[in-house]
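In my numbering, the protein residues as written are 416 to 702.
(1) Do the CB positions of residue 644 and residue 673 come within less than 8 Å of each other?
(2) Could you spell out where the alpha helix (DSSP H) holding residue 529 opens and where it closes?
(3) So residue 495 and residue 428 are in contact, right, with Cβ under 8 Å, and what is the actual spacing, rounded?
(4) Taking 8 Å as the limit between beta carbons, can you name the residues of its chain near residue 530, skipping five residues before and five after?
(5) Any idea what DSSP makes of residue 644, helix, strand or coil?
(6) Is the beta carbon of residue 433 sitting closer than 8 Å to the one on residue 507?
(7) Between the segment 622–637 and the segment 677–692, do three or more beta carbon pairs fall short of 8 Å?
(8) Taking the beta carbon of residue 575 as the centre, do at least 16 other beta carbons fall within 10 Å, making it buried, or is it exposed?
(9) Can you grab the Cα-Cα spacing for the pair residue 655 / residue 701, in whole Å?
(10) What residues match up with residue 586 in a beta bridge as DSSP calls it?
(11) First and last residue of the alpha helix (DSSP H) that includes residue 565?
(12) Using DSSP with H/G/I as helix, E/B as strand and the rest coil, what is residue 657?
(13) Look at residue 519 and residue 572 and say whether their C-beta atoms are less than 8 Å apart.
(14) Identify, in the order they occur along the chain, each residue of the same chain with its Cβ nearer than 6 Å to the Cβ of residue 679, setting aside the five sequence neighbours on each side.
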């Protein structure tokens with residue numbers, strides 16, 4: 416599975432186009448008028464909800480004073496082409512909403528992912544049976560076939576963590592409650608805890624447990640993720656999810672806030688070795 420992601424290329428392209436427009440001291444309405452667009456279309460293009468054609472990118476670059484046959488021009492045109500391709504996850508578009516396709520696209524090319532989970536094991540660490548149980552509980556109106564498609568997508572996503580070449584650097588802090596919630600019964604939880612122990616042994620995975628004894632902590636408001644990218648992928652982003660959608664926070668001050676929260680969490684949590692001891696103790700308690 417390729418780490419190439421049209422979603423990340425699209426995001427990077429938009430960041431550069433916004434920067435160039437600002438440098439050219441042009442407002443959105445100025446660009447819209449020049450290109451013959453409605454103001455709402457320009458808003459959607461810069462906001463990422465409407466894909467932009469290569470020809471439109473060329474026109475915008477000309478307006479922003481970026482000369483043809485320059486490296487900057489060629490790089491941005493190439494980003495425009497790549498952003499219109501389809502990622503591997505597009506084959507699951509029949510069951511996953513657009514907002515989650517965006518997340519999977521970001522995850523696919525991220526260099527690192529830091530995450531806090533309060534209620535359940537993160538999807539990149541779940542067993543099939545655990546994932547199936549979670550989906551059956553959460554997606555109450557979906558058919559068994561749709562549930563299986565969700566599970567298949569979740570298992571496919573895990574390859575970015577387990578592959579040998581250039582795997583995702585994944586650091587997760589799990590609330591102890593997520594480990595003790597009996598999702599699917601004893602057999603499912605025993606296998607899930609074994610999976611956590613196995614995944615924690617990978618060099619690119621750091622797993623910490625936030626114990627009950629930590630008391631009040633920095634992420635009492637709920638789970639979140641922090642994704643970091645290469646220079647080609649754009650700036651870091653904080654991701655928060657709810658039942659019908661998600662939020663992407665890209666302002667540097669917002670991302671710094673969540674990085675600070677994660678730093679506090681990691682200091683409050685058990686270290687990786689002690690976390691593994693707790694997980695193994697819980698496995699033996701089920702036996």
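All residues carry an ideal CB built from backbone N, CA and C; glycine is no exception.
Nothing here was measured: the structure is a model prediction, and the numbers come from that model.
With the given structure in hand:
(1) Here residue 644 is taken as the residue at index 229 of the chain shown, counted from 1. Here residue 673 is taken as the residue at index 258 of the chain shown, counted from 1. Cβ atoms of residue 644 and residue 673: not closer than 8 Å.
(2) Working through the chain shown from its first residue, we reach residue 529 at position 114. Segment 527–532 is the beta strand (DSSP E) holding residue 529; no alpha helix (DSSP H) there.
(3) Counting from 1 along the chain shown, the entry for residue 495 is found at position 80. Counting from 1 along the chain shown, the entry for residue 428 is found at position 13. Right, their Cβ atoms sit about 6 Å apart.
(4) Looking up residue 530 in the chain shown gives position 115. Taken in chain order, the residues that qualify are 537, 585, 586, 587, 588, 638, 639, 640, 641.
(5) Indexing the chain shown from 1 puts residue 644 at position 229. Residue 644: coil per DSSP, three-state reduction.
(6) Locating residue 433 in the chain shown gives position 18, counting from the first residue. Locating residue 507 in the chain shown gives position 92, counting from the first residue. Between residue 433 and residue 507, the CB-CB gap reaches or exceeds 8 Å.
(7) The answer is yes - the segment 677–692 touches the segment 622–637, with three or more Cβ pairs under 8 Å.
(8) If you number the chain shown from 1, residue 575 lands on position 160. By the neighbour-count rule (16 or more Cβ atoms within 10 Å), residue 575 is buried.
(9) Here residue 655 corresponds to residue number 240 of the chain shown, with the count starting at 1. Here residue 701 corresponds to residue number 286 of the chain shown, with the count starting at 1. Each residue's CA atom was taken as its position, placing residue 655 and residue 701 some 33 Å apart.
(10) Here residue 586 is taken as the residue at index 171 of the chain shown, counted from 1. Its beta-bridge partners are 529, 621.
(11) Counted from its first residue, the chain shown places residue 565 at position 150. Start and end: 559–572.
(12) As a working note, residue 657 is residue 242 in the chain shown. Three-state result, residue 657: strand.
(13) Mapped onto the chain shown, residue 519 falls at position 104. Mapped onto the chain shown, residue 572 falls at position 157. Yes, the pair counts as a contact, with Cβ atoms nearer than the cut-off.
(14) Here the question's residue 679 lines up with position 264 in the chain shown. Non-local beta-carbon contacts of residue 679 in its own chain, meaning distances under 6 Å to residues more than five positions away in sequence, involve 633 in chain order.
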